[in-house]
Ligand code: B12
Ligand code: SF4
């Protein structure tokens, strides 16, 4: 009889809207593991909490040989909760993904087994061990060559409005706040172009997110690879596979006319540039030397001229932020006329240099782990900022979003994107992205109330510590 496996993508406990986007894209990591599993021997069920909640009562432990759970940091508490419920019913649990890979000791406290790194090179061993009843506590997947990534057949197509595909892993730039270099390596590994083309053909959705972290890669090799891939995808388009896609890249892509030209021909209509800051001290401080501030505007405009809309992504709350960072960023965004922006709050994720620095200097605001990992989502203020209070940071970020969002702005920006790119499809894809981001008004208010409550608590404990000795005795009920 076949053995059964369930693969689970947990949903973070808090309700930040970006998390809702999770349910719009399928969990690629779990699809890869599913495709690596021989179906003659195993039945696999994928459960994505972004789409439907997990209910442990629905699980029949007798027929289940293993539960595999993917976890990012902000999902860790939920991942551990699910793991606990399953283990109580006697189901062996293995955890994998970015968070267990960064903090294996913590993850191992909540599971029977963990996988550090990528699954392609180790999954067959894990399955063999499960069959023999010899599941080990730690597996190391490492960073295999990407010809081992299976070609997905898009089995979950009906549940998701957008498709997604990964064509490369790794990044050499090692920015201090980013976990990609430590998780996926400093050397970029590429999937064979033929595999990417076949998987792209299999995707049924019309709009696809190409999830690579930096589409232009680095140096000449990166440029040549981007060209080769785009030419192959343009060829596919000529054969009638007409999809639109978006991706992420460093802003130097904006000077690569030939690559941009082929990206457009291949169906690319949206690119997210990680600009991070309009302040050069911040760029130096976070080690993102590839970002040449003086070229931002030119690179954005050039990308738009090639028919591709631009999303600009920024981080607020950096140690080197200037006092006017919010006003400067809003002015810059209005000036360069990007289709939309991500205004993130700096977040030390485990496995990054930023995390180590902030933790060592005692500036983490929430350390009740694993519950507090849910706050590590780039929306909440989890470190003590150096340049202002946590509350100020949050309020000013809200102010910046207000200056840029709203229905009228949305209309204006869609028309401008149409004008700047001369592409109806680019304007439509950008509008889709904007609509999905929605308004975070309620969530902002909750967060502000929470921060204000914290400040009041801090102020009263400060009062207490300043209170005369006799008063201290009264309050604590003890004599000093
Ligand atoms: C696409 C994406 C999204 C999509 C999610 C779509 C979806 N449903 O999956 C969206 C836009 C919604 C999103 C949102 C966020 N994201 Co995101 N996202 C990505 C991105 C670019 C690609 C993910 C992906 O598909 N990878 C491809 C698959 C094949 O790789 P994988 O999932 O890592 O799986 C492999 C291994 O990890 C391992 N593995 C994974 N699970 C398991 C389980 C088992 C049992 C085993 C054995 C192995 C194993 O094997 C797999 C195959 O090799 C990654 C960056 C990256 N390079 O991965 C960031 C990334 C995952 N995101 C990140 C973050 C921080 C977020 C947000 C918090 C940020 C924000 N506020 O916008 C939110 C959180 C949303 C949420 N729901 O929790 C971080 C997470 C880091 C961390 N330590 O947690 C990453 C790594 C980016 C980064 N630079 O740091 N994201
Ligand atoms: S360039 Fe982008 S993907 Fe690469 S390390 Fe920096 S932030 Fe991460």
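Numbering (our numbering), first residue to last: 104 to 583. Glycine included, every Cβ here is placed at the ideal spot set by N, Cα and C.
Helix, strand or coil for residue i? Go by DSSP, reduced to three states.
| i | result |
| --- | --- |
| residue 310 | strand |
| residue 551 | helix |
| residue 106 | strand |
| residue 174 | coil |
| residue 199 | strand |
| residue 445 | strand |
| residue 204 | helix |
| residue 128 | coil |
| residue 578 | Only weak support exists for where residue 578 lies, its pLDDT of 33 falling under 50; the coordinates are left without a value. |
| residue 595 | No information on residue 595 is available, as it lies outside the stretch 104 to 583 that the chain covers here. |
| residue 481 | coil |
| residue 161 | helix |
| residue 556 | helix |
| residue 458 | helix |
| residue 564 | helix |
| residue 358 | helix |
| residue 534 | helix |
| residue 452 | coil |
| residue 543 | coil |
| residue 583 | In this prediction, residue 583 has a pLDDT of 25, which is less than 50 and means its spatial position is unreliable; nothing more can be read from the coordinates. |
What are the boundary residues of the alpha helix (DSSP H) that residue i is part of?
| i | result |
| --- | --- |
| residue 585 | For residue 585 there is no data in the structure shown, the boundaries of the chain being 104 and 583. |
| residue 145 | Counting along the chain, residue 145 falls outside any alpha helix (DSSP H), though it belongs to the beta strand (DSSP E) covering 145-151. |
| residue 521 | 510-524 |
| residue 189 | 179-191 |
| residue 194 | Element bounds for residue 194: n/a, residue is neither H nor E. |
| residue 437 | 428-439 |
Going by the DSSP bridge assignment, what does residue i pair with across the sheet?
| i | result |
| --- | --- |
| residue 112 | 151 |
| residue 467 | 486 |
| residue 167 | 107 |
If you scan the segment 369-420 from start to end, which runs of the alpha helix (DSSP H) of 4 or more residues do you find wholly inside it? 383-388, 399-408
Segments of 3+ residues assigned as beta strand (DSSP E) that fall wholly inside the segment 277-356: 310-313, 347-352
Quick one: complete beta strand (DSSP E) runs, 3+ long, within the segment 209-284? 216-220, 241-245, 266-268
Check whether the segment 266-284 touches the segment 440-452, counting contact only when three or more Cβ pairs, one atom from each stretch, lie closer than 8 Å. yes
Decide if the segment 470-481 is in contact with the segment 489-498; the criterion is three or more beta carbon pairs, one per stretch, under 8 Å apart. no
Tell me, please, whether the segment 392-404 touches the segment 343-355 by the rule of three or more beta-carbon pairs shorter than 8 Å. yes
Determine contact between the segment 419-427 and the segment 523-539, defined as no fewer than three beta-carbon pairs at a distance below 8 Å. no
Contact between the segment 302-310 and the segment 333-351: three or more CB pairs below 8 Å? yes
Any contact of the segment 431-446 with the segment 261-276, i.e. 3+ C-beta pairs under 8 Å? no
Would you call the segment 428-435 and the segment 542-549 in contact, with 3 or more CB pairs under 8 Å? no
Should the segment 164-184 be called in touch with the segment 473-485, which here means at least 3 C-beta pairs below 8 Å? yes
Does the pairing of the segment 309-318 with the segment 404-412 give three or more beta-carbon distances under 8 Å? no
Please confirm if the segment 322-341 is in contact with the segment 373-389, defined as three or more CB-CB distances below 8 Å between the two stretches. no
Check whether the segment 199-219 and the segment 140-150 are in contact - that is, three or more C-beta pairs closer than 8 Å. no
Pairing CB atoms from the segment 510-524 with CB atoms from the segment 217-225, are three or more of them under 8 Å? no
Are three or more beta carbon pairs between the segment 219-233 and the segment 478-497 nearer than 8 Å? no
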